[in-house]
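Visitor: A single structure is presented below for examination.
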């Protein structure tokens with residue numbers, strides 16, 4: 128009987144990397160963990176472990192089609208869309224399709240005229256951050 132309860136305790140104990148530490152307060156299951164490198168806190172230790180990949184620059188997820196590596200499984204899944212012809216994000220104005228929602232959002236600015244990125248030196252504005260960055264190089 129005592130052996131069973133020890134197994135249950137082990138199962139319930141959260142996993143923590145050696146370089147993360149619990150933050151005082153709450154019981155062991157609810158206690159957030161703190162990233163030693165960046166100082167951010169997370170309510171679940173698995174989230175802390177996932178976050179710490181940023182600091183190690185580890186890329187454990189590999190695309191089976193092209194071999195490109197990623198830090199998170201969600202980034203790999205988003206990348207894998209480039210290998211398909213599927214374009215699930217469709218512009219309601221012109222019906223043009225995009226593989227990523229962020230690309231659709233950028234495209235929609237051509238219809239709305241929104242220029243969200245403004246140069247602080249000359250006040251010229253751009254629809255894309257990359258265009259602003261390219262422009263700012265001209266000032267230096």
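In the working numbering, the protein residues as written are 128 to 267. The beta carbon of each residue, even a glycine, is placed where N, CA and C say it ideally should be.
#1: Just the Cα atoms here: how many angstroms apart are residue 228 and residue 216?
#2: Does residue 192 pass the burial test, meaning 16 or more other C-beta atoms within 10 Å, or should it be called exposed?
#3: Express the C-alpha separation of residue 209 and residue 200 in angstroms, rounding to a whole number.
#4: Relative to the C-alpha of residue 164, which residue among 244, 181, 170 and 248 is closest?
#5: Check the DSSP bridge columns for residue 224 and list the partner residues they point to.
#6: On the DSSP bridge list, what partners appear for residue 212?
#7: How many whole angstroms separate the CB atoms of residue 218 and residue 242, which I take to be in contact at a CB cut-off of 8 angstroms?
#8: Identify the residues that DSSP records as bridge partners of residue 196: which are they?
#9: For the candidate residues 237, 189, 255 and 263, whose alpha-carbon lies nearest to that of residue 248?
#10: List the whole-angstrom C-beta distance separating residue 198 from residue 212, where the pair is believed to meet the contact cut-off of C-beta under 8 angstroms.
#11: Can you grab the Cα-Cα spacing for the pair residue 265 / residue 238, in whole Å?
Guide: In brief:
#1: 6 angstroms
#2: exposed
#3: 15 angstroms
#4: Selected option, being the one with the closest Cα: 181.
#5: 217
#6: Paired residues: none, contrary to the question.
#7: Incorrect: roughly 18 angstroms between the Cβ atoms, too far for contact.
#8: 189
#9: Answer by Cα proximity: 263.
#10: Not a contact, Cβ separation roughly 27 angstroms.
#11: 27 angstroms
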